[in-house]
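Read top to bottom, the protein sequences are chains L and A. Numbering-wise (numbering that gives the first Met the number 0), the first sequence opens with residue 0 and increments by one. Numbering-wise (numbering that gives the first Met the number 0), the second sequence opens with residue 0 and increments by one. C-beta: ideal position from N, C-alpha, C; glycine also.
Number of protein chains: 2
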Amino acid sequence: MQQQSPSSAVGVIGLGAMGMGIASALLEAGLPVIGCDVSASTRDAFVAQGGRSVATPAELAAECDVVVLVVVNAEQVEAVLFGEQGAVAGLAPGSLVIQCATVAPSFARSLGERLTAAGLEMLDAPISGGAAKARSGDLSVMSSGSEAAYAKGQAALEAMAATVYRLGDTPGAGSSVKLVNQHLAGVHIAAAAEAMALGMSMGIDPDTLYEVITHSAGNSWMFENRVPHILKADYTPLSAVDIFVKDLNIVHQTGRELRLSMPVAASALQQFTAASGAGFGREDDAAVIKVYQRLSALELPAANDAQREGEP
Amino acid sequence: MQQQSPSSAVGVIGLGAMGMGIASALLEAGLPVIGCDVSASTRDAFVAQGGRSVATPAELAAECDVVVLVVVNAEQVEAVLFGEQGAVAGLAPGSLVIQCATVAPSFARSLGERLTAAGLEMLDAPISGGAAKARSGDLSVMSSGSEAAYAKGQAALEAMAATVYRLGDTPGAGSSVKLVNQHLAGVHIAAAAEAMALGMSMGIDPDTLYEVITHSAGNSWMFENRVPHILKADYTPLSAVDIFVKDLNIVHQTGRELRLSMPVAASALQQFTAASGAGFGREDDAAVIKVYQRLSALELPAANDAQREGEP
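What follows is the structure in structure tokens.
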């Protein structure tokens, strides 16, 4: 049923922390992989790992029948697919686009329709798990698409992911479930920061708070994962504040489309927006706690406290 | 060091779901227990289990040197200790009050000072874990107080709790850590309801959402525990909406005392307040999702869907 094209490489567009990890995992699984990124040094890094690279999506399209998009947002998806050097015009009919960015479900649905009209298949396939799991091929994928799309993407998905949730037969469902996850993840990070600010403001030792809460009903995956960054004062971005400014804005936009009021997510969005406005947008998302520090007498744990205590 | 009193029973004031469980666990541990509740039928139920009961805190005080308070709020703590038939006037010097209600840390601190002035000991000892763990003696206790208070309360605490966190040597620290837990628990329940409302409004099957989110970074202890109530449309109160109206109001009040703005908790408080205003205050706290249902086109899972599907 699928049209066979002479090309058969897997292309990865966007070699950031997640995209580079995915491209490496695909290589390791023995697939022919071509990477594409605007940055020459990033392309070189992938070549140094044994991959091939090209500078533009158009070049990549000429050699690939499966293209994995690991860019940041809908604007970049639009550009790499339909822009001046975009991939769509060059892809052979029946080729597959696996779209991994977190985008609005309405955008994912409309993208699916446009790619179908262009004779292409699409998997709506947002990813979860972070850079380390991308590198080891252990991501979770929240996906939807046709049987034909899954059949064509099977080898790539197996190499990328430990778990592939199949959530529906058209694009949109994958992005919808990812958006629910991002709603909760964003609220839980803001809540973790706010609750730690409350506890420390009452004079409770932050390490003790972490110990008690992670064994109590107030625990969340994000509390357990992000509060250690606050305790160590290590705001090296694993995932940045600005990612949640983006994702909670998609929650907000989708709520507006659905006419569904979501005040809890809205309050979390405002805290991430404030963190970004205060200059912390590129720090780790746990830096949202600095909003509370700037607006109160709160003192946060300092880096290297342990060493300092040991000094004369 | 401790003054010995001729009385040595453990009194439990407040035989609701939690108090009855604690009183039963104390009995089972072989301690002499006297229960006290305003409801005669509740007292009878405890007597039927082999306990003794009295109608007023004053009567209880005459026979106990350890009194466990398992009432609902600070007003009730005030009444059962210092009211007309209150316990404090009748307790022998050196007796211990173990205060388990969730109250403002500032109230717990001040209560400790007043009980010390009355010649009594106090453990600030909010509990966590629910009625089933109360009954089996497996609660978590977030506590603070003097060495003397812990020594006097040891047998009762061991019978009540699987875990006793010792968080400081004066009342206030236990209530502070409990308040941080309640902040997170309340926000996470409201967020779980809001995120489920978002997902269902986008057309995603709620059971699928539960399956994916509980295996993803958006998970929380409360999401995992409360969303099944929504899926089964079972709003039998294990913990009621009005409990979080109360506890998030204590968060709000404490933030006001500290001059710490907490917009995420504030938005969750408003959703529980709306649920209570809409008539759901005595339903399970997961009924906060009905606020979203009342304000949108959201359809919630109905009770007994499974049976109905099987009908002709």
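Can you check the region 84 to 151 of chain A for any alpha helix (DSSP H) of at least 4 residues that lies completely inside it and give the ranges in chain order? Whole alpha helix (DSSP H) segments, 4+ residues: 104 to 116 and 130 to 134.
So with CB distances below 7 angstroms, who are the chain A contacts of L:M19? Within chain A, no residue has its CB atom less than 7 angstroms from the CB of L:M19, the nearest being about 20 angstroms off.
From the beta carbon of A:M159, is the nearest beta carbon of chain B less than 8 angstroms away? Within the model displayed, chain B is absent; protein chains L and A are what it includes.
Within the region 281 to 305 of chain A, ranges of the alpha helix (DSSP H) (whole runs, at least 4 residues): Runs of the alpha helix (DSSP H) spanning 4 or more residues and lying entirely within the region 281 to 305 of chain A occur at 288 to 293, in chain order.
Using a threshold of 8 angstroms, state whether the C-beta atoms of A:S200 and A:P104 are closer than that. It is not a contact, given that the beta carbons lie outside the stated cut-off.
Chain-ordered chain A contacts of L:N248 [CB-CB under 7 angstroms]: Per Cβ cutoff of 7 angstroms: no residues; L:N248 is ~14 angstroms from chain A at best.
Residues sharing a beta bridge with A:E52, DSSP: Checking the sequence, you will find Ser at residue 52 of chain A rather than Glu. A:G34.
Kindly identify the DSSP beta-bridge partner or partners of A:V250. Bridge partners of A:V250: none, in fact.
Can you give the Cα-Cα distance for L:G278 and L:T235, rounded to whole angstroms? L:G278 and L:T235: Cα-Cα distance of roughly 14 angstroms.
What is the rounded straight-line gap between the Cα of A:E210 and the Cα of A:T253? When rounded, the distance between both Cα atoms is 36 angstroms.
In the DSSP assignment, find the unbroken beta strand (DSSP E) run with A:R165 in it and report its ends. From DSSP, the beta strand (DSSP E) with A:R165 extends over A160 to R165.
Only counting the same chain, and skipping five residues up and downstream in sequence, which positions put a Cβ closer than 6 angstroms to that of A:Y291? Close CB contacts of A:Y291 within its chain, under the 6 angstroms cut and outside five residues either way in sequence, are with A196 and L297 (chain order).
Does any residue of chain L have a CB that is nearer than 8 angstroms to the CB of A:Y209? Not one chain L Cβ lies under 8 angstroms of A:Y209.
Residue environment, A:R258, which counts as buried when at least 16 other CB atoms sit within 10 Å: In the assembly as shown, A:R258 is an exposed residue. Its beta-carbon has fewer than 16 other beta-carbons within 10 Å.
Rounded to whole angstroms, how far is the Cβ of A:D64 from the Cβ of A:L95, which I believe are closer than 8 angstroms? Rounded, the Cβ-Cβ distance is 7 angstroms, consistent with contact.
Distance between L:L230 and L:G309 (C-alpha atoms, nearest Å): Unreliable placement is indicated for L:G309, whose pLDDT of 41 sits below 50; the coordinate value is still reported in the next sentence. If I take the Cα positions, the gap works out to 18 angstroms.
Which word fits L:V102, buried or exposed, when buried means at least 16 other C-beta atoms lie within 10 angstroms of its C-beta? With 16 or more Cβ atoms within 10 Å of its Cβ, L:V102 is classed as buried.
L:S317 to L:G171 span [Cα, whole Å]: Residue 317 of chain L is absent from the structure shown; chain L starts at 0 and stops at 311.
Stretch-stretch touch, CB-based, cutoff 8 angstroms, three pairs: the region 37 to 47 of chain L with the region 80 to 97 of chain L: Three or more beta-carbon pairs separated by less than 8 angstroms are not found between the region 37 to 47 of chain L and the region 80 to 97 of chain L, which leaves the two stretches without contact.
Integer Cβ distance of L:L90 from L:V66, believed to fall under 8 angstroms: Indeed they touch by this definition, with Cβ atoms about 7 angstroms apart.
Distance cutoff 8 angstroms, beta carbons only. Does L:G217 sit that close to anything in chain A? So yes, L:G217 belongs to the interface.
Per-residue contacts from L:Q269 into chain A (C-beta, under 8 angstroms): Identification of chain A residues near L:Q269 by a Cβ-Cβ cut-off of 8 angstroms yields P262, ordered along the chain.
Buried or exposed, going by whether 16 or more other CB atoms sit within 10 Å of the CB of L:G276? Exposed, because fewer than 16 other Cβ atoms sit within 10 Å of the Cβ of L:G276.
Whole-Å CB distance - L:Q176 paired with A:G202, under 8 angstroms assumed: Here the sequence assigns Val to residue 176 of chain L, which means Gln is not the residue at that position. Actually they do not touch by this definition, with Cβ atoms about 11 angstroms apart.
Which whole-angstrom value is the C-beta distance of A:V240 and A:A265, which I expect to be below 8 angstroms? Not a contact, Cβ separation roughly 17 angstroms.
Name, please, each residue of chain A whose Cβ falls closer than 8 angstroms to the Cβ of L:P104. Under the 8 angstroms cutoff, chain A gives M201.
Residue from L:S7, L:S145, L:D233 and L:M221 with nearest C-alpha to L:A60: The residue with the shortest Cα to Cα distance from L:A60 is L:S7.
Just checking: is the beta-carbon of L:E308 within a distance shorter than 8 angstroms of some beta-carbon in chain A? Because the pLDDT at L:E308 is just 44, under 50, the model does not fix this residue reliably, and the value given afterwards should be weighed accordingly. So no, L:E308 is outside the interface.
Taking only three categories from DSSP, how would you classify L:A184? L:A184 falls in the helix class under three-state DSSP.
In whole angstroms, what is the alpha-carbon distance linking L:E157 and L:C35? Approximately 21 angstroms, taken between the alpha carbons.
Determine whether the beta carbon atoms of A:I33 and A:V69 lie at a separation below 8 angstroms. With respect to the 8 angstroms criterion, A:I33 and A:V69 are not classified as neighbours on the basis of their beta carbons.
For L:V76, the nearest candidate out of L:G111, L:A194 and L:A155 (CA to CA): Relative to the Cα of L:V76, the nearest Cα in the group L:G111, L:A194 and L:A155 belongs to L:G111.
Spatial neighbours of L:L178 within its chain, please: C-beta separation below 8 angstroms, excluding the five flanking residues on both sides. Correct list, in chain order: T101, A103, P104, D246, I249, V250 and T253.
What would DSSP say about L:V244, mapped onto helix, strand or coil? Correct three-state label for L:V244: helix.
Which residues in chain L have a C-beta closer than 9 angstroms to the C-beta of A:G198? List them in chain order. Within chain L, the residues near A:G198 are S175, V176, L178, V179 and H182.
Straight-line CA distance for L:G49 to L:K132? Looking at the backbone, the Cα of L:G49 and that of L:K132 are separated by about 20 angstroms.
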